[in-house]
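Here the sequence shown is numbered in the working numbering, starting from 135 and rising by one per residue.
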Amino acid sequence: MRFSNINSRLRSPDLVLSAIYLISVWVLCLGFLERSQLQNSFTILPGDRYDAVISASILEHWYNVLQGKAVWSEVKYYFPYSRTIVQTDAYFLIGLAYAPFRVFGLDPFISQEFAGLVIKSIGFFGAFFLTRKSFGFSFWFAVLAATLFTMSNGMTSHSSRLQLSTVALAPFVGFLLWNSLSAFWREDSRGFLTWGIATAVAFGAWCLTCFYMAWFFAFYNLLLFGVLLALMRKEMRAEFFEKAKKQHFNLYVVIAFGIMFLLPFAWAFLPKSLEVGVRTYEMVFSNTVVPEAILQV
């Protein structure tokens, strides 16, 4: 039996039951991820006195920024250097998730742990809505997809390096991108502007959180877009460019917002990148996954 047939035969529960089931699975996923911390009553947390302390200090910096006590680009270390937020990933979105826990009086390390759970929760619900609303999965297959994504190695192996676990943002930004492209194809100007600008805001914030994850997301999607464009039938490709021509003003607006929300990241990180240079191909290849390892899950 084909997957599509199985997918169509699985009945979705009503709205209330769907919400109860989805929230229950989400809680179980978080409980599984935090099983060690729950067992030790959060007295022992992932990390060490290096990465975990550095990330906590940056998150505390964002908490001070939100209180108006600090300039966002200055973390106040490595004096007299400026824009020291760029010495590592900037953690912006994680900082927003971190601040409410500090407001409620939790210490920096507990708050950091809970901020990580917020990011992973975005991954869970992002994966659910992407597969359910965009890809047309049945409710239960979408729940399964969200569970598998949340339990995947990329989400679970970086508990002490929260910036890398922002791979959790991929399905959420993917959902925004899917809706913007769908609206573009339908020639829904208002929808395209709304979803397109939301995608630009989310991607710019992601870059200011962990550029590596955002870069790979953009790279693979651009590669996919190029392949799809090349494989399109001639008539469909002509239709695509005709739609772009009709909606050129909206395209310019979305692109302008994309550039605008990338400016803080570029302003802070570009000078440092030019100062220290980039990695050589030899350094990159030494860390590249070998082809057979791609098949390992």
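Even for Gly, the Cβ is constructed at its ideal location relative to N, Cα and C.
Non-local beta-carbon contacts of A317 in its own chain, meaning distances under 6 Å to residues more than five positions away in sequence, involve G325, F326, W329 in chain order.
Minimum Cα-Cα distance from G165 among the listed residues K254, E416, L397 corresponds to K254.
Closest in C-alpha terms to W349, from the list R320, V307, K377, comes V307.
DSSP places Y184 in the coil class of the three-state scheme, outside both helix and strand. Here DSSP, grouped into helix, strand and coil, assigns A224 to coil. The closest CA to that of L310, considering only F263, L296, D322, S272, is found on F263.
A distance of 7 Å or more separates the beta carbons of A302 and L227. Taking every protein chain shown into account, the CB of Q173 has fewer than 16 other CB atoms within 10 angstroms, so this residue is exposed. Shown here, Q246 sits in a helix according to DSSP, grouped into three states. In this structure, the CA atom of M285 is about 27 Å from the CA atom of A332. Looking only at N287, M417, Y211, the smallest Cα-Cα distance to I428 is reached by N287. Between R217 and A400, the C-beta gap is not smaller than 7 Å, which leaves the two residues out of contact. Judged by beta-carbon spacing, V159 lies beyond the 7 Å limit of V252, meaning their Cβ atoms are not closer than that value. Shown here, Y197 sits in a helix according to DSSP, grouped into three states. Here S189 really is in contact with Y225; their C-beta atoms are around 7 Å apart, less than 8 Å. At the C-beta level, L179 and F243 come within 7 Å of one another.
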